[in-house]
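Undergrad: Sharing a structure, written as C-alpha cells. Questions coming.
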Amino acid sequence: MELAGKKVLVTGGEGFIGSHLVEDLVRNGAEVTALVQYNSFNNWGWIDAFDKDIKSQLKVVTGDIREYDCINKFIKGQQVVFHLAALIAIPYSYLSPMAYVRTNVEGTTNVLEACKENGIEKIVHTSTSETYGTALYVPINERHPLQGQSPYAASKIGADKMVESYYKSFNLPVATIRPFNTYGPRQSARAVIPTIISQILSGKKTLKLGKISPTRDFNYVKDTVAGFVEIAKSENTIGEVINVGSNREISIGDLVGKIIGLTACSVKVICDEERLRPEKSEVNRLWADNQKMMQLTNWCPQYSLDQGLRETIDWMQNNLSVYKSDQYNI
Numbered sequence: 518m519e520l521a522g523k524k525v526l527v528t529g530g531e532g533f534i535g536s537h538l539v540e541d542l543v544r545n546g547a548e549v550t551a552l553v554q555y556n557s558f559n560n561w562g563w564i565d566a567f568d569k570d571i572k573s574q575l576k577v578v579t580g581d582i583r584e585y586d587c588i589n590k591f592i593k594g595q596q597v598v599f600h601l602a603a604l605i606a607i608p609y610s611y612l613s614p615m616a617y618v619r620t621n622v623e624g625t626t627n628v629l630e631a632c633k634e635n636g637i638e639k640i641v642h643t644s645t646s647e648t649y650g651t652a653l654y655v656p657i658n659e660r661h662p663l664q665g666q667s668p669y670a671a672s673k674i675g676a677d678k679m680v681e682s683y684y685k686s687f688n689l690p691v692a693t694i695r696p697f698n699t700y701g702p703r704q705s706a707r708a709v710i711p712t713i714i715s716q717i718l719s720g721k722k723t724l725k726l727g728k729i730s731p732t733r734d735f736n737y738v739k740d741t742v743a744g745f746v747e748i749a750k751s752e753n754t755i756g757e758v759i760n761v762g763s764n765r766e767i768s769i770g771d772l773v774g775k776i777i778g779l780t781a782c783s784v785k786v787i788c789d790e791e792r793l794r795p796e797k798s799e800v801n802r803l804w805a806d807n808q809k810m811m812q813l814t815n816w817c818p819q820y821s822l823d824q825g826l827r828e829t830i831d832w833m834q835n836n837l838s839v840y841k842s843d844q845y846n847i
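FYI, in my numbering the residues of the sequence shown are 518 to 847.
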C-alpha cells in the first residue's frame, strides 16, 4: 500500500513521535488529519511549531479517544489510521492507574471499534517495549513473554490484546508496532535522554538520575517514524506484532558518559531517590531483536546512537527554554 493520496488519521498527532510522523506523512503526499487531545487553550502541541507549508496541508481536529462518538466521527471517511494517543509516563501510572486503563485500554478499544465500523484499510497500533518487562533472554523477539511491571505496561498489554482480539475476531487489518526506547527532538524531559541533556546544557554540575545500571535499546525518532510508515505500507504486517529497535543495548551509565563526551561538559552523577522505580517494577534490561521487522518490510535503522544524540543535542541547545531542568516531572 502506498500512502501518498491516502486519507490518513493520526491519533496523538501533537506528541513527540506523532508530530514527527505527521510531518513525514504530509511531506510524502498523504492527506493527513491529526487528532490532538481537546483542551481549552486550543493548544496543538508540537504541531504549533510546524513550518507554515506543512501546517497548511494538514487538518487538525481536537477530541478524546476515551469518547467513542468523538473518535468514530473523525475515523469516518479515513482509509488508514495510525493510533499513537496514549498515556505514557511510567511514574504517573503509579499514582493514577485507572487513568491508564481508561485511555490506553478503553481508548484503544474505541479506536478499534470505530475502525471496524468504518471499514478502515489499515490500522497501525502503537505498543511499547515496556510490555516485555526485564528481559528473560536477549535479544528480545516478539515471542518473549509479556510482563506488567508497571500499571503503564499492564495497560499497554491490555491494549495490545484488544488489538489481537479484533484481528482474530473481526479480521480487522491491524498491525502492532512495538518501538523500543525512541529519542530525539521534541521528547519531553520525563524520558532519560532529554533529562540528561537538559540538565547538562543548563549548566548543572550535578546530574540527578535514577538507577543507571539498566540497559536500553535506543532508537532515533526518524528511524521509528520510518518503521511506522513501512509497517503501514506492507501487506505482510497485518495481524503481526513487530519490534522496532536498533538491535543494540547500552546502560544508562554508559549513555551518560557518551553524552558528556558529545557535550564536552563535566558533571557528577548523583542518585535522586524520587526518580527510582519500585524495586520489582524496574525494567533492568531491554535489547530488541529487529529481524522480523527487516524481514516483513523494507525498513532498516539508518542512525547510529552518536548521530541521533548529536541531532538531539543540537535541537535542545536551540530549544532549551522548553525544559524545566530544575524540576522533576513524573
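Even glycine gets a Cβ: it sits at the ideal position worked out from N, Cα and C. As the structure is a prediction and not an experimental result, all values here were calculated from the model.
How far does the beta strand (DSSP E) with N589 in it reach, from first residue to last?
TA: Element bounds for N589: not the beta strand (DSSP E) but the alpha helix (DSSP H), 585-592.
Undergrad: Jot down the residue ranges of each uninterrupted beta strand (DSSP E) in the region 719-781, minimum 3 residues, whole runs only, in chain order.
TA: Whole beta strand (DSSP E) segments, 3+ residues: 723-726, 735-737, 758-761.
Undergrad: How would you write the range of the beta strand (DSSP E) that K576 sits in, first residue to last?
TA: Element bounds for K576: 576-580.
Undergrad: Excluding the 5 residues flanking Q834 on each side, which residues of the same chain have their C-beta closer than 7 Å to its C-beta?
TA: Excluding residues within five positions, the ones whose Cβ falls inside 7 Å are L718.
Undergrad: Starting from the Cα of D789, find the closest Cα among Y669, G530, Q844 and give me that residue.
TA: When only C-alpha atoms are compared, the closest one is Q844.
Undergrad: Sort out for me which residues DSSP pairs C788 with in a bridge.
TA: Partner(s): L726.
Undergrad: Could you give the residue range of the alpha helix (DSSP H) that holds Y700?
TA: Unbroken run through Y700 is the beta strand (DSSP E), 698-700; no alpha helix (DSSP H).
Undergrad: Determine the direct distance from the alpha carbon of L793 to that of I767, and round the result to whole angstroms.
TA: Going by the C-alpha atoms only, they are around 19 Å apart.
Undergrad: Please return the same chain residues whose Cβ sits closer than 8 Å to the Cβ of M811, not counting the five positions on each side in sequence.
TA: The answer, listed in chain order, is C817.
Undergrad: Which residue marks the beginning of the beta strand (DSSP E) containing E548, and which one marks its end?
TA: E548 -> beta strand (DSSP E) spans 548-554.
Undergrad: Roughly how many whole angstroms lie between the Cα atoms of L803 and T651?
TA: Distance between the alpha carbons of L803 and T651: 7 Å.
Undergrad: Pick helix, strand or coil for I694, following the three-state DSSP scheme.
TA: Note: I694 maps to strand in three-state DSSP.
Undergrad: Is the beta carbon of V628 sitting closer than 8 Å to the one on G675?
TA: In this structure, G675 does not lie closer than 8 Å to V628 by Cβ.
Undergrad: Quick check on the burial criterion: 16 or more other C-beta atoms within 10 angstroms. Buried or exposed for F591?
TA: Classification for F591: buried.
Undergrad: Whose CA, out of I564, L726, Y555, T780, lies closest to the CA of G530?
TA: Here the closest residue by C-alpha is I564.
Undergrad: Mind the definition here: the region 558-576 touches the region 594-612 only if three or more C-beta pairs lie below 8 Å; say whether that holds.
TA: Contact between the region 558-576 and the region 594-612 is absent, because fewer than three Cβ pairs lie under 8 Å.
Undergrad: Relative to the C-alpha of Q824, which residue among Q808, V738, K785 is closest?
TA: Nearest C-alpha to Q824: V738.
Undergrad: Flag this pair as yes or no: are the beta carbons of A521 and N545 separated by less than 8 Å?
TA: Result yes, Cβ atoms of A521 and N545 sit closer than 8 Å.
Undergrad: So which of T648, K633, Y669 has the shortest CA-CA distance to Y684?
TA: Closest by alpha carbon: K633.
Undergrad: Comparing alpha-carbon positions, which option in V758, A749, R583 lies nearest I657?
TA: The shortest C-alpha separation from I657 is found at V758.
Undergrad: Short of 7 Å in beta carbon distance, which residues of its chain neighbour E791, apart from the five on each side in sequence? Order them along the chain.
TA: Once the five neighbours on either side are set aside, the close Cβ partners of E791 are Y845.
Undergrad: Mind the definition here: the region 611-618 touches the region 565-577 only if three or more C-beta pairs lie below 8 Å; say whether that holds.
TA: Not touching, per the Cβ criterion.
Undergrad: Can you name the start and end residues of the beta strand (DSSP E) that H600 belongs to?
TA: Here the beta strand (DSSP E) through H600 covers 597-600.
Undergrad: Could you spell out the range, first to last residue, of the alpha helix (DSSP H) harbouring V628?
TA: It spans 624-634 - the alpha helix (DSSP H) in which V628 sits, taken as one unbroken run.
Undergrad: Look up H642 in the DSSP assignment and give the residues it is bridged to.
TA: Answer by DSSP bridge pairing, in chain order: H600, T693.
Undergrad: Which residues bound the beta strand (DSSP E) around L526?
TA: Taken as a continuous stretch (DSSP letters only), the beta strand (DSSP E) holding L526 covers 524-528.
Undergrad: CB-CB under 7 Å to K593, same chain, minus the five flanking residues each way: which ones, in chain order?
TA: Around K593: N635.
Undergrad: What does a CB cutoff of less than 8 Å around E540 pick up in its chain, not counting 5 residues either side in sequence?
TA: Excluding positions up to five away in sequence, the list reads F567, I571.
Undergrad: Leaving out the 5 sequence neighbours to the left and right, which residues in its chain are closer than 8 Å to K809 when beta-carbon positions are compared?
TA: Closer than 8 Å at Cβ, skipping near neighbours: N658, E659, E757, I759, N760.
Undergrad: Once the 5 residues before and after E747 are set aside, which same chain residues still bring their CB inside 7 Å of it?
TA: Around E747: T814, N815, W816.
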